[in-house]
Structure formats: structure tokens, C-alpha cells
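Each remark here refers to the structure printed beneath this line.
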Amino acid sequence: MIDDTSAAGPSTGPAAARVILSAADIDRALTRIAHEILEANKGSSDLVLLGIPRRGYPLAQRIAAKIAATDSGFDAAASLGQLDVTMFRDDLRKNPARAPRPTRIPVQGIDGRTVVLVDDVLYSGRTVRAALDALVDVGRPRVVRLAVLVDRGHRELPIRADHVGKNLPTSSQEKVRVRLAETDPEPRPAENADCVVIETTVPGAGA
Amino acid sequence: MRHLLSTKDLSYDAALTVLDTADQMAAVGERSVKKLPALRGRTVVNLFFEDSTRTRISFETAAKRLSADVINFSAKGSSVSKGESLKDTAQTLAAMSADAVVIRHSASGSPQQLAESGWIDAPVVNAGDGTHEHPTQALLDAMTLRQHRARTEGRESTRGLDLEGMHVVIVGDVLHSRVARSDLWLFTTLGARVTFVAPPTLLPVGIADWPCRVVFSLDEALDPAPDAVMMLRVQRERMHAAFFPTAQEYAREWGLTPERVAALDDAGATTAIMHPGPMNRGLEISSAAADSPRSTVLDQVRNGVSVRMSVLYLLLSGDDLDPTSTPHPQER
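Protein sequence lines, in the order shown, are assigned to chains A and B.
Just so we're aligned: 36 in the numbering used here is position 6 of the first sequence, and the numbers increase by one with no gaps anywhere.
Just so we're aligned: 178 in the numbering used here is position 117 of the second sequence, and the numbers increase by one with no gaps anywhere.
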């Protein structure tokens, strides 16, 4: 959700789309991220995964399931939440109003725990900044880390991800779109039920 | 949505957006930090030409929870009592660069006048105008009905839920009630059925053209039991004629008496009891009804803050938008 262009939405003009990650690639990347999180945290104690709507949350769910499969002491339901950052964005006046999505924090709270923020695309870094502000109002974690499926560069703030599924050097004219079975149900071939796509707007056509 | 003037011209989608946003605003009220930074540095003016405590406090709380600065302006003790016109007041506020104006006025249509006259270039929220409309009250009533529906149907979330198939009985002073009018338009848009119950003297001319059923007997309207019954306040301050013989007779015929509440209990109904406040206990609503577990009066107050936060947020975000640029996709 870093990336305004990672959205499903009316595209402007004809676009050439390339699939960068297929469903299997995404699954492998998430498996690796799950293991990296466990390794960095030296186990699953005091770990909280917070997905940033919309697509960060299903990714966090999947990572939680993978951690639970590796580490039987990890209770996926009690350590998984969703953090909406809409009201904390710095571009509220520049974009039309969006209805915020629910924030769900595990009942034990986040105080003194390790919070891993999960999002689909890391772009300018502004969503993550908003997420850090939103976290302050919820509690005081011991450590905050960031896991993203795709890092496409072009940062506008001093923010970096701790766990990255794929580093994807892009031009700012390109659009990186993440499609997940949970959030984007429109029909696709089975091997691309989840996928990451780069769209390049054909110059001279459309906007 | 540029202004919120009435619920008559509020679309189904816009109403659901306001309600879904209000649900998230409600969650903020349950946290230890009850504040969001969304309207930091913006100024909301509460322009109240008519007495009001709860609506003004509700709007003030809503604006403050969104970090906006609030200026309260009431006609009493202001230059309005020296004869200043609405136009001059509006232009003064514009010169002070108010970002949004919440207006309550005893003259129907004054919020629209303010919105369309060009005296001030800010979103206008109608907080009740004469006997015309009170849209935020209708929205908070719809939010309460939606929660009631989710509770009785065992739903986990109210997101995207409308009032399809619900039956709401609105009882009392329909003639003077802007709440009844706003409720009717909004509930109908959201798919609910509305029945008005009132003495014939308290029904407006032209009600036959409204999309509602009108009955004169409360007992008839409560059988079969509706999903909710809303008691309107008897507005003594607007009654300049004898609309009913005595208060006792009104309470007996059109009040929610302990006997009527007992009848609902006996029928095993899930009917919610609503009241926009302030209540005249013993007149339109008995204490037995107001304090029963069916009563949603305090939920309505709580939802009022959430709905007003939602409206202020939706009206004030995106105002730097260049209208000529391509619209931003709703979902990223």
C-alpha cells in the first residue's frame, strides 16, 4: 500500500503488462520471509504481525501460517492483526476521501513486543511513515520491523525494509500491481492466482 | 460530496461510505489515545443560531478527535443579536479562513443558502435547519439501526450492511420534526420501510406523497412488532397552537408507555427503542421505555460523534484536489 500505483483501478491507456512473480514465486518468497523473521527474532516469542490494508493483511496471514507451521509455540490467531493507516497519511488533502479499514490489534496488545509490519509494495515509504505514527497511538513496541513482498525503490523518506520478497528496480513511469486471491478475485490463470505485475504505459497512448 | 445539506440527495453509496467510515471512527473512541491526526491544522466553525447542547458538543468532540481546531459561535451574545446578517457572518468567517462550517439555523434552507451563495468557500454541514432536515441525526440513527440489525442477526461486522427489509416506526411530532424527514429519506434510500404515527394535527400537509405509511394509532403500528420504534420529542418551543388536548392524553395515545413496552416483551420482539433526545420523560416516552435494555438512546449519542467524525473527514479530505486531473482510484 506504499504505492498508489499498485492498485486495482482504472488504468490509463493501453499498458504492456509483465508478470514478475507467479503464485509459486510469491509462496517461496513468503516462506523465506517467515524464516527470516523467526531468525531475526530468535524464535517466535513476543512476535506480532500487523498487515497494512488491503493487501498487507492477507500477506501477514500467510506469513503467520508459515511461522505457525515451523514453530509450534506460535499462536497465529493471537499474534496477527491489521493496522489501518488512512487517517495518518500526509496526502489526505491531495487525494479523494477513502473510507478507512478496520484496525485490529491482538488482545495482548503490542507493548514491549516485536511488531513486524507487512505490506505488499514499498515505494515512497510514506505509508510506512503513516504506519509508524499509527503504531504510536496503539502502544509502544520493543522493536518495529518491516516486511514487504516487493521493494521497487524510489524512496522519498529514510525508510528501508528488513525483509524483502523481491527487489524490483523500476522506473517511476511503471506501475507495480500485486494481485492476491483474497483481495483481487477477478479471474486469472491458476499459476497467477497470486501475482506481481509490472505495467508499462505505452508512450503517446492514454494519459 | 462537497456539502452535507440533506439526506434526500444522499446516494446509497455515499450513505454507506459515511456509515462504514463511522464504524472505524467508533473504534478510535475505544482506544486509550482517542485522537486521529487527519484534520490537523484545519478549522471547523460551529455556527449555532439556535439552542443546542448535544449536537454542538457532538460536533465539537468529533472535530477535536480529528485534531481540528474548533470555533464555537452561538447567536446569543454575538453580533447576530446586534443585527448582523447571515451573509456578513459568513464573510467574516471566510476572512478568518474557516475550513468547514457546521450550521444550525431556525430558518429552513439557510445551510443551502450558505453553501450556494458563494459567501464562503468551505464545505457546509447542516446541523438542523428549521423543520427541513437534520442529516447527521439520520446518519447516526441509520448507524444505530445497522448495529441493531447486526446484533439480532448475529453478524460480526456491519461493513457494507444496509437496512434492506427493516421496518421502522417513527412516532410523534412529524409536523415539526426535521429528524423525521431526514430519517425517512435516508432509511428509504437504504432499503427500510417507514411508518409514521401521529395525531392528525401533527402531520404535515403533503405527507401523502412521501414514501411512507401513515397510521394514527400507535398500537396498530406496533403490531406486528417493528425492528425499531423511534419516539420524536414533542417540540413545545415550536408549538404555537393547540395540537393536542392535554399532555396526559398525548402520553396515553402516542407515548411509549410501560404497558406498550411490556406488550413488546410479551411478543418476544427484538424491537429497539430510539429517541433523538432530549427526552421528555413521561410525555412521549416513559422511564420504563427509556431505561429498558431495548433503549439505544446512549448508543445514538455515541454513534453521533462517530458519524460526525466521518462526515467531517470525508468532506475535508481531498479538498486540495485539482478537479481537472484524472480521478484517483478508490483502492490502491
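Cβ atoms here follow ideal geometry from the backbone N, Cα and C, with glycine treated the same way.
On a predicted model such as this, the values are computed, not experimentally measured, just so you know.
Along chain B, in chain order, which residues have C-beta atoms closer than 7 Å to that of residue i?
i, result
"A/D127", "Checking the sequence, you will find Ala at residue 127 of chain A rather than Asp. What A/A127 touches in chain B: Y374, L375, S378 and G379."
Distance cutoff 8 Å, beta carbons only. Does residue i sit that close to anything in chain A?
i, result
"B/R369", "no"
"B/P388", "For B/P388, the predicted structure reports a pLDDT of 40, less than 50, and the residue's modelled location is therefore unreliable. A value from the coordinates is still provided. Chain A, which has a Cβ nearer than 8 Å to the Cβ of B/P388, makes this yes."
"B/T78", "yes"
"B/T197", "no"
"B/A88", "yes"
"B/D81", "yes"
"B/Q296", "no"
"B/Q85", "yes"
"B/L108", "no"
Quick one: using the 10 Å Cβ neighbour count with 16 as the cut-off for buried, is residue i buried or exposed?
i, result
"B/T114", "exposed"
"B/E392", "With a pLDDT of only 34 at B/E392, under the threshold of 50, the placement of this residue in the model should not be trusted, and no figure is reported."
"A/Q203", "exposed"
"B/Q309", "exposed"
"A/S74", "buried"
"B/K143", "exposed"
"A/K166", "In the sequence under discussion, the amino acid at residue 166 of chain A is Val, which differs from the Lys named in the question. That one is exposed."
"A/V158", "buried"
"B/D182", "exposed"
"B/A351", "buried"
"A/K205", "buried"
"A/Y87", "buried"
"B/M292", "buried"
"B/M157", "exposed"
"A/P217", "exposed"
"B/L175", "buried"
"A/T188", "The amino acid occupying residue 188 of chain A in the given sequence is Pro; Thr does not appear at that position. With fewer than 16 other Cβ atoms within 10 Å, it is exposed."
"B/E194", "buried"
"A/T100", "exposed"
"A/A161", "buried"
"B/T357", "buried"
Anything in chain A within Cβ reach of residue i, meaning under 7 Å, just list it in chain order.
i, result
"B/L97", "M117"
"B/D74", "By Cβ distance, chain A contributes nothing, its closest Cβ being about 11 Å from B/D74, past 7 Å."
Check the Cβ-Cβ distances between residue i and every residue of chain B, and say whether any is below 8 Å.
i, result
"A/T144", "no"
"A/P215", "no"
"A/T200", "no"
"A/T133", "yes"
"A/L122", "yes"
"A/D114", "yes"
"A/P136", "no"
"A/P219", "no"
Determine the chain A residues that contact residue i at a beta-carbon separation under 8 Å, and present them in chain order.
i, result
"B/R92", "D167 and V168"
Pop quiz: residue i and residue j are said to be a contact at Cβ under 8 Å. What is the actual Cβ separation, rounded to whole angstroms?
i, j, result
"A/I56", "A/I97", "With a Cβ gap of about 16 Å, A/I56 and A/I97 do not count as contacting."
"A/E186", "A/G155", "6 Å"
"A/D214", "A/L179", "Not quite, the Cβ-Cβ distance comes to about 14 Å (not below 8 Å), so this is no contact."
"B/A324", "B/R355", "No, B/A324 and B/R355 are not in contact; Cβ-Cβ is about 12 Å, not under 8 Å."
"A/V208", "A/R85", "5 Å"
"B/S378", "A/R123", "6 Å"
"B/L224", "B/A253", "4 Å"
"B/F304", "B/T256", "No, B/F304 and B/T256 are not in contact; Cβ-Cβ is about 20 Å, not under 8 Å."
"B/S128", "B/A87", "Rounded, the Cβ-Cβ distance is 17 Å, inconsistent with contact."
"A/L89", "A/A164", "No, A/L89 and A/A164 are not in contact; Cβ-Cβ is about 18 Å, not under 8 Å."
"A/E221", "A/A53", "6 Å"
"B/H209", "B/A289", "6 Å"
"A/L176", "A/D192", "5 Å"
"B/L375", "A/A127", "4 Å"
"B/S119", "B/V366", "5 Å"
"A/V148", "A/I82", "7 Å"
Which residues in chain B sit within 8 Å of residue i, going by Cβ to Cβ distance?
i, result
"A/D163", "P98"
**OP:** Could you list the residues in the segment 165-194 of chain A with a C-beta less than 9 Å from some C-beta on chain B, going in chain order?
**Re:** V166, D167, V168 and G169
**OP:** Taking only beta carbons into account, state which residues of the segment 86-114 of chain A come closer than 9 Å to chain B, listed in chain order.
**Re:** D114
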